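A short worksheet on the structure shown next.
Protein chains: 2
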Amino acid sequence: MTARELEARYRQYINCLNDRRLDELDQFVHEELIYNDNPMSRRDYRDLISGDIAAIPDLFFKIGLLVADDRHVACRLDFHCTPTASFLGLQPNGKAVTFSEHVFYRFRNGKIGQVWSLIDKASLAAQLTK
Amino acid sequence: MTARELEARYRQYINCLNDRRLDELDQFVHEELIYNDNPMSRRDYRDLISGDIAAIPDLFFKIGLLVADDRHVACRLDFHCTPTASFLGLQPNGKAVTFSEHVFYRFRNGKIGQVWSLIDKASLAAQLTK
Chain H
1 MTARELEARY RQYINCLNDR RLDELDQFVH EELIYNDNPM SRRDYRDLIS
51 GDIAAIPDLF FKIGLLVADD RHVACRLDFH CTPTASFLGL QPNGKAVTFS
101 EHVFYRFRNG KIGQVWSLID KASLAAQLTK
Chain E
1001 MTARELEARY RQYINCLNDR RLDELDQFVH EELIYNDNPM SRRDYRDLIS
1051 GDIAAIPDLF FKIGLLVADD RHVACRLDFH CTPTASFLGL QPNGKAVTFS
1101 EHVFYRFRNG KIGQVWSLID KASLAAQLTK
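In order, the protein sequence lines correspond to chains H and E. Numbering of the first sequence is given in our numbering, commencing with residue 1 and proceeding in unit increments. Numbering of the second sequence is given in our numbering, commencing with residue 1001 and proceeding in unit increments.
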């Protein structure tokens, strides 16, 4: 796929998450993937996202910056949301938080096969312990 | 510049840092830039990097993954180094640490004009407090 096609595909994936159509993840994610250097099944990946959504019902994936080549997408995702349960081991305080994720994806045959994610947990922790 | 040219330019910039040729930063960085949403002068940016190098004499910027388009570079930088002074507010313990930075750069006329950086501080803290 070209960089432009991969970007379009990634935007469909993000829409899928924001629409909570997790049943359709098989269109975007391989059955087996590597997540932050750990092997993971698509089911595990779905559970990870489901868990995040359960902890943060208003979780919305907003693409702040996107860079693509013919194999990778790098994205800065901006979040503004209100956790209602523990997230990344941090307890909610009822207030909205703003934080970012910098995430790289390697695609294979149009589907995500590897993910490297970094979330700004320090910023999140600072907001949740105020 | 094309994505390929921008990638080559970025690799020159990383070599410049690894060779400690900070006097040559003017070739790669605008006099005024935005760093994590804050305005910063090239002098401030140089001081930031100098400070990191002072705290971590063996700091080596290793490109783990690089994605470029005609305006941006996104890079996962892998570090394996031994802090000898406080870094990101964390005290050294004499041991080597391994951590990553996920960083996006926006170029203008071949020079860095904006940076969004996320460092895996949680991992670093876990290693330094062992």
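Quick reminder that beta carbons are idealized off the backbone N, C-alpha and C, glycines included. No experiment lies behind these values; they were computed from the predicted model shown.
Apart from the 5 residues on each side of it in sequence, V1115/E sits with its Cβ closer than 6 Å to the Cβ of Y1035 and Y1105 in its chain, given in chain order. With the rule of 3 Cβ pairs closer than 8 Å, the segment 1116-1130 of chain E counts as touching the segment 1076-1089 of chain E.
Look at N38/H here: in three-state DSSP terms it is strand. Per DSSP, the continuous alpha helix (DSSP H) segment holding I14/H begins and ends at A3 to N18. Residue range K1062 to A1068 is occupied by the beta strand (DSSP E) that includes K1062/E.
Note that the C-beta distance between I56/H and D78/H is not below 9 Å.
Linking T82/H to A96/H through their CA atoms gives a straight-line distance of about 4 Å.
Counting along the chain, Q1091/E sits inside no beta strand (DSSP E), nor does DSSP assign it H or E at all.
Neighbours of H30/H in chain E, taken as residues at a C-beta separation under 7 Å, are lacking, since the least C-beta distance is about 18 Å.
What R76/H touches in chain E, judged by beta-carbon distance under 8 Å, is F1104 and W1116, going in chain order.
Taking a contact as a CB-CB distance under 8 Å, the pair R21/H and L33/H does not count as one, their CB atoms being some 19 Å apart. Judged by DSSP secondary structure, S117/H falls within the beta strand (DSSP E) whose first and last residues are K111 to I119. The contact set of L1065/E on chain H, defined by CB atoms closer than 9 Å, consists of H72, A74, F104, R106 and W116 in chain order. At a cut-off of 9 Å, the C-beta of A54/H has no neighbouring C-beta in chain E. Between the C-alpha atoms of T2/H and E101/H there is a straight-line separation of about 24 Å. Beta-bridge analysis with DSSP links L77/H to I63/H and E101/H. With a 10 Å radius around the Cβ and a threshold of 16 neighbouring Cβ atoms, E7/H comes out buried.
Residues of the same chain with a CB within less than 6 Å of the CB of L128/H, apart from the 5 flanking positions on each side, are L90 and N93 in chain order. Cβ neighbours of V103/H within its own chain (closer than 6 Å, five residues either side excluded): C75 and S117.
With respect to V1029/E, V73/H sits apart: the two C-beta atoms are not nearer than 9 Å. Rounded to the nearest angstrom, the gap between the Cα atoms of G113/H and L1065/E is 15 Å. A distance below 9 Å separates the beta carbons of R1009/E and F1107/E. Look at S86/H: its C-beta is not under 9 Å from any C-beta on chain E.
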